Structures are given as structure tokens and as C-alpha cells.
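Trainee: Going by our numbering, the sequence shown opens with residue 24, and the numbers climb by one from there. Just so it is clear, CB atoms sit at the ideal spot from N, CA and C, and this is done for glycine as well. All values reported here derive from a predicted model rather than from experimental measurement.
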Amino acid sequence: MRPCPTFLLVLLRWMRLRVCARWWRYSNGNNSRLPLCVRQRWVYLRLMVNSLCYNSLTNSDVVMDSLMEPIFWMVDLLTRWFGAVKNDIPFVSVCKKCIIPKPARTHHCGICNTCILKMDHHCPWLNNCVGHFNQRYFFCFCLSMTLGCVYCSISGRNLFLDAYSAIERFKHMDLDKSGVPVTGMGQLIGILPPGQSTYQTPPPPYTFRDKMFHKSIIYMWVLTSTVAVALGGLTIWHAVLISRGETSIERHINNKETERMAKRGKVYKNPFNYGRLNNWKVFFGVEKRSHWLTRVLLPSGHAPYGNGLTWDIYPIRKDMIPV
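#1: Around the C-beta of residue 326, are 16 or more other C-beta atoms found within 10 angstroms, so that it is buried, or is it exposed?
#2: From residue 336 to residue 187, what distance separates their C-alpha atoms?
#3: Out of 116, 238, 287, 299, point me to the one whose CA is closest to residue 267's CA.
#4: Can you tell which of 232, 94, 235, 249 has its C-alpha closest to the C-alpha of residue 170?
#5: My output table needs one value for residue 137: the three-state DSSP class, helix, strand or coil.
#6: According to DSSP, what are the bridge partners of residue 151?
#7: Considering Cα atoms alone, identify which of 334, 63, 234 is closest to residue 185.
#8: My assumption, with CB atoms under 8 Å, is that residue 306 sits in contact with residue 265. Please give the rounded CB distance.
#9: So residue 146 packs on residue 254, CB below 8 Å; how close in whole Å?
#10: Express the C-alpha separation of residue 183 and residue 296 in angstroms, rounding to a whole number.
#11: For residue 314, which beta-bridge partners are listed by DSSP?
#12: Please give me, in chain order, every unbroken run of the alpha helix (DSSP H) with length at least 4 that falls completely inside the region 155–194.
#13: How is the alpha helix (DSSP H) around residue 325 delimited, first residue to last?
#14: Just confirm the distance between the C-beta atoms of residue 138 and residue 125, as a whole number of angstroms; I'd bet it's less than 8 Å.
#15: DSSP beta-bridge partners for residue 117?
#16: Which same chain residues end up closer than 7 Å to residue 280 when comparing Cβ atoms and leaving out the 5 residues on each side of it in sequence?
#17: Let me confirm a value: residue 285 is counted as buried when at least 16 other C-beta atoms fall within 10 Å, else exposed. Which label applies?
#18: Going by CA-CA distance only, name the one from 163, 273, 132, 60 that's closest to residue 293.
#19: Taking the alpha helix (DSSP H) that residue 236 falls in, what are its first and last residues?
#20: Hey, would you say the C-beta of residue 270 is under 7 Å away from at least one heavy atom of the ligand SAM?
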């Protein structure tokens, strides 16, 4: 059990008074027996002990707190009796791994080993985290890639069917080739004409280049179709998250908070959901009507909305952009 600083301070004062009292009685009765050098060294030793004890066990703040302890007790008792009236203490989250303040919507990435503002997820294909400053580029890339794959799948459907039919015809032609494999003994049984020792197989009606061309078309169509389905699902999922004003990580957090508040009979509201249209305006950085063309349809390198450190709450920014 660690002793209280007030108790140590009182104990040191009591010991000092007892030692000083004994020293005063001894020095008055036997003043002639102690030389001056011994008395000076005793005073110096007492000063060192006092300095060591006070510097190690207490400081000026502790001394003032000890003197003000009765007032603290009275204020504490009155506060408990009246109850909490107002609480304006700001809440600051601290990252347990970086040991630095963590703003709202910020999460630590174990792969990048750093905190990411408005972190959505770590993308292994990009080898980077998707967060506040690159989420718009990531979504535009996924959307453009999905539309390109859908276009290739639709426009190349007839080419795919023709190439697939050609490959099937080539297989049947290889199986239905005419001819009998013969050796030098074929002359004995009269299969080969007189004077001919080998039989030349006729060339196939297609070349190796034609076969690889048709296989490449099939591979391209299958690849673009599968990417369109997989990446299209991912793009739709992120579009839903953007409409709700949340990230992939916040989706799980909001679900847990919704369940927790539902058990208490309350409804949880996402504080960063400004409405479906306003969420898209904040995401693309649209501040006026012309930005739908210059910042959404056309390539743009403008900075995202806000700095990623502070975020406005829903009731304040309900009608943030009058577009």
C-alpha cells in the first residue's frame, strides 16, 4: 500500500520538530562539548536529508494540495449531494499502438502501421489504405473499371459466340480426320500405292494462329465478364456506404451501436449522415452546380471536403451545400 503524500509530509514535519527539540536541549546543556565544525556538519546533513526527502516524496503542488485538501473534501461532498449539473469535458481518443491522439473516423492499419484518416479498408491490389484523401479516386477507379468491363462484355458477346463455335468445330475436325496410320509394312498389305513408302496427312483447315486468336477472344470475354460481376458488386457496396455517410469499418460499428441502443429502447443515428444527396456532394466535393461537370464527370484533382481531422455533426450540416 502506497502512503499518502499528506501523511509523509506530516511525518517528516513531526520528525524534524522532535530532532530540533532534542538538539536544542542538548546544545543548551552541553554547548561547550560540541565543536563548531560538528555543529556545521550537522546543519549541513540535516539540510541534505530535508532536500532529499522533499524532492523525492513531494513537490510544491503536493504541498498546496495538502493544504487545500479540506476544501477539496467539502467541494466533493457538495458536488455529490447536488449531483452532476453539466459535463463539458472533451473526449479524446488515443491510438493504443501509435500512442497519439486519434481524431474521429480514424483507425489504425496494422499493415501500413499508421493511423488513417477516415479509413475505409486496406486494399491489397493497391498496396495502400483507402481513406479520406484517396477514397474518391478509389471509387472512381472501381466505377470506371466496371463500366469498361461491362462495355467489353456486351460488345464482345457475338465475337465470343463465334470464337466458341469455331473452337468446337476445330475439335470435331481433329476427331474426324481421314487417314490410316501406316508404317513401312503398309506396302505388304497394299495400302500404299506402288513406290510410296509414307503417307502424307493433309494439312488442317485452320492454322495455329487462328486457334490462338479464337482462344484469346474467349479469354478476354470471360475475364471482363467476371471482373464486371465482382468489381460491380464492390462498387455497388461502396455506393451504398457513401449514400449512408459511413465507411466499411463504420458499418460494423454502427450496426453494433444500433443493436446496443435498441436494447435500451432508443434509436441510433449516424452523426455523419447528412442525407443521401448531401453525402454524395461531400464525397465528390461539389460546392456549386458547375462542379457536377468539372469535378464529377471530368477528371479533377481537387482536395476532398474538409481536412479529415474534424467533422461536422448531422444537425449542423443538414443543408450544407445549396445545389
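Mentor: Concretely, from the data shown:
#1: Around the beta carbon of residue 326, fewer than 16 other beta carbons sit within 10 angstroms, so the residue counts as exposed.
#2: Rounded to whole angstroms, the separation of the alpha carbons of residue 187 and residue 336 is 57 Å.
#3: Selected option, being the one with the closest Cα: 299.
#4: Here the closest residue by C-alpha is 249.
#5: When secondary structure is reduced to three states using DSSP, residue 137 falls in the strand class.
#6: In the DSSP output, where bridge partners are listed per residue, residue 151 has 146.
#7: Comparing alpha-carbon positions, the option among 334, 63, 234 lying closest to residue 185 turns out to be 234.
#8: That belief holds up - the Cβ atoms of residue 306 and residue 265 are roughly 5 Å apart, short of 8 Å.
#9: About 12 Å separates the two Cβ atoms, so there is no contact after all.
#10: When the Cα atoms are used, residue 296 and residue 183 turn out to be separated by approximately 45 Å.
#11: Looking at the DSSP output, residue 314 bridges to nothing.
#12: Listed in chain order, the complete alpha helix (DSSP H) runs (minimum 4 residues) inside the region 155–194 are 158–178.
#13: For residue 325, no alpha helix (DSSP H) segment is defined, and its DSSP state is neither H nor E.
#14: That pair is a contact at about 6 Å.
#15: Beta-bridge pairing by DSSP links residue 117 to 124.
#16: The residues are 291.
#17: Exposed, because fewer than 16 other Cβ atoms sit within 10 Å of the Cβ of residue 285.
#18: Taking only the C-alpha atoms, the option nearest residue 293 is 273.
#19: Residue 236 -> alpha helix (DSSP H) spans 231–267.
#20: Although the ligand SAM was asked about, the structure shown includes no ligands whatsoever.
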